[in-house]
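These notes are about the structure you will find just below.
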Amino acid sequence: RLSCIRNNIWLACCGVVSAGLAVLSSFGLMLFCGVPFVVTVANAPFLILGVGVDDMFIMIASWEQSSRKKEKSNVKSLLAETYAEAALSVTITTLTDVLAFFIGTWTAFPSVRSFCLYTGTAFVFCYIYTMTFFGAIVVLNHKREQGNRHWLTCMPVRVEEDQAEKSCLYNACCIGSYSRQSSQAESEHPMSIFFKKYYGPFFTNKWIKLLVVVLYGAYLGGSIYGCTQIREGIDLRNLASDDSYIVPYYDDDDKYFSAYGPRVMAVITESVDYWNETVRLGIENCTQNLEGISYIDKNLSESWLREYTRLAKSGLINISSKTLFINNLPTLFRFVPSFEWDINKTQDKIEASRFFIQTVNVISAVDEKNLLNQLRETAKQCSIPLMVYHPAFIYYDQYLVIVQNTVQNVVVAAGAMLIVSLLLIPNPLCCLWVTFAIASVIVGVAGFMTFWNVNLDSISMINLVICIGFSVDFSAHISYAFVTSGESSANKKAIEALSLLGYPVLQGAVSTILGVVVLAAAKAYIFRTFFKIMFLVILFGALHGLVFIPVFLTFF
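Reading the sequence shown from the start, the letters are residues 1 to 556 in UniProt numbering.
Now the structure itself:
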């Protein structure tokens, strides 16, 4: 505000400090409890800042409304009214966010679990600090205004009579006006007037409503098409930072050796009687079964046992008994020294051994998933204890569970949100709208994520769960204001809801995007993905809160 008394810069700073304190408290508590700090957790502070500031905007908006309604009342009743207005909204959104995160901890991925624990706890602290610390700051700020003190120095400001002659800048910096003398100081914020006078009536016009419905149809169509095109799987390049030497390595690997997949190790995990002809045949049988898989090139297998048997057949050595078998191994190592690494031998027995098979034509995540399943199936049917292994299998394992895990988390979280909103919003119709908004935003984010080259992996899965918590925020505020409005017609209700909460919702959206926009320039894929999905969530959430939901509410 252009008044040295009504300027609320300290209030805003304290709102940000309160979010910072929440990050500090939650990280301290989690590290104290020994929850591992994984790289994805580094995203959390950006998130908390954005959301903590949202709560602050809603608190300030309802404080200003209360002080406009009751000019001469005391601070106690003002704060009581502010909490009565704002606390329910803030409680609903915090509860839904925290629930979304704690539901996220049920996942099969430890990194996701850590992230959700850290962030969920931070939200709890953020709520506590907003309700206690920030409420107190609001009151102190109010007392400063009542005492007609300067916003920066807190010194009393003398009231000058000849304001007109001085420059605008001088008025802004040095001249106060008692809020008691001129009610004009308590004037509405220009943005609230914009929502009431222009924005609301514009969107309640029947042709504009029709346009919004058509636009929504297009949005839904695009999202559903995107969902059918979704790609799963993580590109290993994305786990390194952009300037890492691993990236060109994988590029070259793709360029020159894309025909070959990983070289898989088949391990005989227990001690078996290799000198027994039947056991050897059993092993050979298993090897041939593995080589029979469509993704395996049988000419590129490498097995010490085959070579050893060949040497014995050519008459160079004898391997018919245990002692002979063990003692003749050095002869094999003379021919092929690398085989020494494939046998784990103690004095008189072979504890375990391995052979290698070469995979080919493994191109997409689907191939990787099928390959893993077929290899494990074949190994399981083998007569001897056999295990297949390659370091990349941890990533392939992700594909086996990622879709069901995501769907399960999203469904459970959406159900929880519905229950929370039913308990806290005293109107069943309103809850249905909130649930509808959640579903709609999730479909939108999942669909448009595909167009923005984001795959479905454990990182984007976290973000989809968060997205549920956020999509509630925007629509809950607006639909609650609509339902509790005292206006006569649906259109007037929508206009009132928008004029009360349109601006705080917009502020919240912009501040959250500002909080995460730093990540867009990050060098690591994890942070960029986080930014992309958060951006989509906030964009679609705000679209629903400010355009779709108000229009749809007027139809019912």
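All C-beta atoms, glycine included, are put in the ideal place defined by N, C-alpha and C. It should be emphasised that the depicted structure is a prediction, and the values quoted were computed from it without experimental measurement.
Please state the DSSP three-state secondary structure of residue i.
i       : result
Asp-297 : strand
Thr-359 : strand
Met-155 : coil
Asn-344 : strand
Ile-533 : helix
Ala-108 : coil
Glu-302 : strand
Gln-181 : Residue confidence is low: Gln-181 scores 42 on pLDDT, short of 50, so the model does not pin down where it sits. No coordinate-derived value is stated.
Ser-511 : helix
Tyr-260 : strand
Tyr-389 : strand
Val-35  : coil
Ser-26  : helix
Leu-456 : strand
Ala-136 : helix
Val-336 : coil
So, is residue i buried or exposed, given that buried needs 16 or more other C-beta atoms within 10 angstroms?
i       : result
His-189 : exposed
Ser-179 : Residue placement at Ser-179 cannot be trusted, given a pLDDT of 45 that sits under 50; what the coordinates show is reported in the next sentence. It is buried - the Cβ of Ser-179 has at least 16 other Cβ atoms within 10 Å.
Gly-502 : buried
Gln-398 : buried
Arg-354 : buried
Ala-84  : exposed
Ser-511 : buried
Gly-147 : exposed
Ser-183 : Low local confidence applies: a pLDDT of 42 at Ser-183 is under 50, so the model's placement there is unreliable, with the coordinate-based value given in what follows. Its Cβ having fewer than 16 others within 10 Å, Ser-183 is exposed.
Leu-514 : exposed
Ala-218 : exposed
Pro-36  : exposed
In whole angstroms, give me the CA-to-CA distance for residue i and residue j.
i       : j       : result
Glu-487 : Tyr-525 : 49 angstroms
Gly-52  : Thr-130 : 8 angstroms
Asp-242 : Ala-522 : 9 angstroms
Phe-335 : Gly-315 : 15 angstroms
Ala-86  : Gly-508 : 14 angstroms
Val-41  : Glu-351 : 42 angstroms
Ser-73  : Leu-79  : 10 angstroms
Thr-278 : Asn-285 : 10 angstroms
Val-213 : Trp-207 : 10 angstroms
Leu-300 : Ala-542 : 56 angstroms
Ile-224 : Asp-253 : 35 angstroms
Leu-553 : Gly-221 : 21 angstroms
Asn-59  : Tyr-250 : Note that residue 59 corresponds to Met in the displayed sequence, not to Asn. For Met-59 and Tyr-250, the distance between alpha carbons rounds to 51 angstroms.
Ala-490 : Val-551 : 10 angstroms
Phe-556 : Leu-422 : 19 angstroms
Phe-195 : Leu-31  : 45 angstroms
Gly-233 : Lys-532 : 17 angstroms
Thr-359 : Lys-255 : 17 angstroms
Gly-261 : Val-401 : 22 angstroms
Ile-442 : Cys-467 : 7 angstroms
Val-272 : Val-411 : 48 angstroms
Phe-202 : Ile-193 : 13 angstroms
Met-265 : Pro-391 : 10 angstroms
Arg-263 : Lys-298 : 12 angstroms
Leu-21  : Lys-492 : 41 angstroms
Ile-384 : Lys-369 : 24 angstroms
By Cβ distance, which residues of its chain are closer than 6 angstroms to residue i, with the 5 residues on each side in sequence left out?
i       : result
Ile-459 : Ile-526 and Thr-529
Ile-246 : Ala-240
Val-483 : Asn-427 and Cys-430
Thr-450 : Gly-226, Gln-229 and Ile-230
His-150 : Cys-4 and Val-157
Val-138 : Trp-63
Thr-96  : Met-417, Val-420, Gly-469 and Val-472
Glu-496 : Ser-485 and Glu-487
Leu-536 : Val-445 and Phe-448
Glu-270 : Pro-385
Would you call the CB atoms of residue i and residue j closer than 8 angstroms?
i       : j       : result
Tyr-118 : Thr-94  : no
Gly-545 : Phe-474 : yes
Ala-437 : Ile-549 : yes
Trp-275 : Phe-325 : yes
Asp-55  : Val-90  : yes
Gly-200 : Ser-499 : yes
Thr-204 : Ala-494 : yes
Val-395 : Leu-236 : One detail in the question is off: residue 395 reads as Tyr in this sequence, not Val. For Tyr-395 and Leu-236, yes; Cβs fall inside 8 angstroms.
Val-518 : Met-534 : no
Leu-456 : Ile-357 : no
Ala-476 : Ile-92  : yes
Gly-15  : Phe-102 : no
Val-362 : Tyr-295 : yes
Between residue i and the ligand ADP, is there a pair consisting of the residue's CB and a ligand heavy atom that are separated by less than 7 angstroms?
i      : result
Ala-22 : Absent from the structure shown: the ligand ADP. Ligands present: none.
Take residue i and list the residues in its own chain whose beta-carbon comes closer than 7 angstroms to its own, dropping the five residues that flank it on each side.
i      : result
Trp-10 : Asn-141 and Trp-151
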